[in-house]
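Here's the structure, in structure tokens; my notes come after.
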Amino acid sequence: MIILSPSILGADFGKLGEQIRQVDLAGAQYIHLDVMDGAFVPSISFGMPVIASLRGYTEKFFDVHMMVEEPVRYVEDMKKSGADMITVHVEACRHLDYTLCRIRSLGLKAGVAMNPATPAAAVSEVLPIADTVLVMSVNPGFGGQEFLPYTLDKVRALRRICTRDGLDTDIEVDGGVTLENVTDFLEAGANVIVAGSAVYRGDAAANTRSFLKIFEEFEKR
Ligand code: DX5
Ligand code: ZN
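Going by the numbering used here, the sequence shown opens with residue 882, and the numbers climb by one from there.
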């Protein structure tokens, strides 16, 4: 199944609870929560207290994208806040294997994320212990950027590796995904789609339904 993970970074932070409910009711399966520490990426977004509050608004799967140096420091607190999956950057973990195992040992799904310039080979060793590999299709830190077309090749390469090795790792893409270009990502092999501005600019419920309709059509191919 192809999954939509709306990023609340594109939402109105003054009414986050309501904005999450809109995409939940419209059928989005995940909620993507972008945590930024002002060190791994230039910007600072939100952390555990906000996520814990939002947990009261939806039962949907909380897909927490940690753009944070050494995220292993926060995994227990993230679990307490209601995370279902914690995705950490390969570039931000000194001990990536340990970090992924630690996340899984808490009973959570573990994801590994990679920046646009990071090659597929940087995560190939850990694919068997990751539930998801997240390919950044923009430089992380801000919503509303245009996607970098060369990142599609990396999605293809990762899909090839997973097929070859019989792995059912999800391949998630994040950054600059729109209703117009999402099919390119699906064709390349992505099956979890993050979208911030493309969901929250305008009518979030209608945009969510439009993404899901495209997924449904694609799956019928
Ligand atoms: C960027 C974040 C993304 C971002 C996506 O650093 O990881 O999740 O919110 O936003 P759009 O879809 O607007 O590029
Ligand atoms: Zn993200």
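Every residue, glycine too, gets a C-beta built ideally from N, C-alpha and C.
Could you check whether D918 and I925 sit closer than 8 Å to each other, using their CB atoms as the reference points?
Going by beta carbons, I925 and D918 fall inside the 8 Å limit.
By a C-beta neighbour count over all protein chains shown, 10 Å radius and 16 as the cutoff for buried, is L1039 buried or exposed?
buried
M947 versus E1053, A907, V993, D1084, residue with shortest Cα-Cα distance
The shortest C-alpha separation from M947 is found at V993.
When burial is assigned at 16 or more other CB atoms within 10 Å of the CB, is H976 buried or exposed?
exposed
Taking the beta carbon of L1067 as the centre, do at least 16 other beta carbons fall within 10 Å, making it buried, or is it exposed?
L1067 should be labelled buried.
If you measure between the beta carbons of S888 and D915, is that distance less than 8 Å?
yes
DSSP on P930, reduced to helix/strand/coil?
helix
Proximity to A892 [Cα-Cα], best of F921, F927, A920:
F927
Give the secondary structure of Y911 by DSSP, where H, G and I count as helix, E and B as strand, and everything else as coil.
Strand, per DSSP.
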